[in-house]
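Peer 1: For reference, the structure I am asking about is given below.
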Amino acid sequence: MDIQKQIEQLEPWFHNIHLPDGTVTAPNHFLGDFPGFKWEKIQAEIPQDLKGWNVLDIGCNAGFYAIELAKRGAEVLAIDLDEHYLKQGRWTAKQFGLEHKIKFKQMQVYDLAQQPEKYDLIWFMGVFYHLRYPLLALDILSQKANGMMVFQTLSLPNSEEQDIPEDVAFHDREILQSKSWPSMSFIEHKLAGDPTNWWVPNHQGILSMLSSCGFRVTATPEDETYIAIKDKTLQSSMETWNYSEFLSATGKPWSEEVLLKTKK
Ligand SMILES: C[S@@+](CC[C@H](N)C(=O)[O-])C[C@H]1O[C@@H](n2cnc3c(N)ncnc32)[C@H](O)[C@@H]1O
Numbered sequence: 028m029d030i031q032k033q034i035e036q037l038e039p040w041f042h043n044i045h046l047p048d049g050t051v052t053a054p055n056h057f058l059g060d061f062p063g064f065k066w067e068k069i070q071a072e073i074p075q076d077l078k079g080w081n082v083l084d085i086g087c088n089a090g091f092y093a094i095e096l097a098k099r100g101a102e103v104l105a106i107d108l109d110e111h112y113l114k115q116g117r118w119t120a121k122q123f124g125l126e127h128k129i130k131f132k133q134m135q136v137y138d139l140a141q142q143p144e145k146y147d148l149i150w151f152m153g154v155f156y157h158l159r160y161p162l163l164a165l166d167i168l169s170q171k172a173n174g175m176m177v178f179q180t181l182s183l184p185n186s187e188e189q190d191i192p193e194d195v196a197f198h199d200r201e202i203l204q205s206k207s208w209p210s211m212s213f214i215e216h217k218l219a220g221d222p223t224n225w226w227v228p229n230h231q232g233i234l235s236m237l238s239s240c241g242f243r244v245t246a247t248p249e250d251e252t253y254i255a256i257k258d259k260t261l262q263s264s265m266e267t268w269n270y271s272e273f274l275s276a277t278g279k280p281w282s283e284e285v286l287l288k289t290k291k
């Protein structure tokens, strides 16, 4: 069967992937040549040679990023909850002869808490705002990160930053309403017709949440995209008094002993 027919059989596509023979998977994408135009702005921040790198692509969709990273030599675990996209990913990787470099697996981001592996690069684009438990996901990824994370989320149109005080006095809570205070808007119903969009953070909210989970932002090469590294000098909240909460939320046993050891 010719390639065009196979593309049609795998519709609908969210990734417009330019295949080696010149055909494309989603030429009429509502965002244009997506996500190619994003990759063009990000790619210089990623090492050209990823040989020996263990990469995790979360919400891999049809595998655009997994393929670009595998082309640079990485071994990629590409996860998504949607089997339709995973099928596209397996097929697309084959078109590039990269099926031996990318393992596609149906998984929720939270399932990673049950796995021992760590990753040199975590690719976490376009998923955060779809999660009902976004900080739990970031705390889990903090445990999985060996180095770098590329993070992207839908965000509020406000790029203001501020220094976050160590403490906010009980009667000084109006500061929490300032424009640059870390915040996330909750979407009770739908955003852009999509009921899976739950949260839209502002820029300072993204920086602060990443920092609270042990990630330091080193670059923002693209609107809404953050390059972060795991920074051991930043205490992630689960190394402190919150550890028992993390254990409980990820289905692991916790005890009074853990509570006492990590008391605030
Ligand atoms: C907006 S798309 C982003 C695709 C790709 N990462 C990108 O940036 O182009 C969101 C993807 O994340 C997947 N997804 C949503 N929630 C997820 C979850 N809890 N765990 C794993 N994948 C998820 C969806 O099935 C979809 O493929």
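For the sequence shown, the numbering used here assigns the number 28 to the initial residue and increments by one for each residue that follows.
Where a beta carbon is used, it is the ideal one built from N, C-alpha and C, also for glycine.
Would you say residue 240 touches ligand 1, meaning its beta carbon is less than 8 Å from a heavy atom?
Peer 2: Here the question's residue 240 lines up with position 213 in the sequence shown. No, the Cβ of residue 240 stays beyond 8 Å of every heavy atom of ligand 1.
Peer 1: What is the rounded straight-line gap between the Cα of residue 276 and the Cα of residue 163?
Peer 2: Start at 1 with the first residue of the sequence shown, and residue 276 comes out as number 249. Start at 1 with the first residue of the sequence shown, and residue 163 comes out as number 136. Going from the Cα of residue 276 to the Cα of residue 163 covers about 8 Å.
Peer 1: Can the beta-carbon of residue 72 be found less than 9 Å from the beta-carbon of residue 104?
Peer 2: As a working note, residue 72 is residue 45 in the sequence shown. As a working note, residue 104 is residue 77 in the sequence shown. For residue 72 and residue 104, no; Cβs fall outside 9 Å.
Peer 1: Nearest to residue 271 by alpha carbon, out of 194, 285 and 99?
Peer 2: Numbered from 1 along the sequence shown, position 244 holds the residue referred to as residue 271. It is 285 whose Cα lies nearest to the Cα of residue 271.
Peer 1: Of the choices 273, 287 and 282, whose alpha-carbon is the least far from that of residue 141?
Peer 2: Your numbering for residue 141 matches position 114 in the sequence shown. Closest option to residue 141, Cα to Cα, is 273.
Peer 1: Where do the N-terminal and C-terminal ends of the beta strand (DSSP E) with residue 117 fall, by residue?
Peer 2: Position 90 of the sequence shown, counted from the first residue, corresponds to residue 117. Element bounds for residue 117: not the beta strand (DSSP E) but the alpha helix (DSSP H), 110-122.
Peer 1: Could you pull the start and end residues of the alpha helix (DSSP H) that residue 170 belongs to?
Peer 2: If you number the sequence shown from 1, residue 170 lands on position 143. Start and end: 161-171.
Peer 1: Within the structure, which residues are defined as neighbours of ligand 1 by a Cβ-heavy atom distance below 5 Å, reported in chain order?
Peer 2: Counting every residue whose Cβ lies closer than 5 Å to a heavy atom of ligand 1, we get 62, 86, 88, 107, 108, 109, 112, 135, 136, 152, 153, 154 and 157.
Peer 1: Under the rule that 16 or more other beta-carbon atoms within 10 Å means buried, what is residue 52, buried or exposed?
Peer 2: As a position in the sequence shown, residue 52 is number 25, starting the count at 1. It is buried - the Cβ of residue 52 has at least 16 other Cβ atoms within 10 Å.
Peer 1: Starting from residue 211, follow its DSSP beta bridges and name the residues at the other end.
Peer 2: Numbered from its first residue, the sequence shown carries residue 211 at position 184. In the DSSP output, where bridge partners are listed per residue, residue 211 has 228.
Peer 1: Does the beta-carbon distance from residue 179 to residue 251 come in below 9 Å?
Peer 2: For the purposes of this step, residue 179 is identified with residue 152 of the sequence shown, where counting begins at 1. For the purposes of this step, residue 251 is identified with residue 224 of the sequence shown, where counting begins at 1. Cβ atoms of residue 179 and residue 251: closer than 9 Å.
Peer 1: Roughly how many angstroms lie between the CA atoms of residue 121 and residue 156, to the nearest whole one?
Peer 2: Working through the sequence shown from its first residue, we reach residue 121 at position 94. Working through the sequence shown from its first residue, we reach residue 156 at position 129. Going from the Cα of residue 121 to the Cα of residue 156 covers about 30 Å.
Peer 1: Since residue 270 is in the alpha helix (DSSP H), which residue starts that stretch and which ends it?
Peer 2: In the sequence shown, the residue the question calls residue 270 occupies position 243. Residue 270 -> alpha helix (DSSP H) spans 270-276.
Peer 1: CB-CB under 6 Å to residue 108, same chain, minus the five flanking residues each way: which ones, in chain order?
Peer 2: What you label residue 108 is simply residue 81 of the sequence shown in a count that begins at 1. 135, listed in sequence order.
Peer 1: Could you have a look at residue 99 and say whether DSSP puts it in helix, strand or coil?
Peer 2: In the sequence shown, residue 99 corresponds to position 72, counting from 1. If DSSP states are grouped into helix, strand and coil, residue 99 belongs with coil.
Peer 1: I need the straight-line Cα distance from residue 365 to residue 89, nearest angstrom please.
Peer 2: Limits of the chain in this structure are 28 at one end and 291 at the other, which puts residue 365 out of reach.
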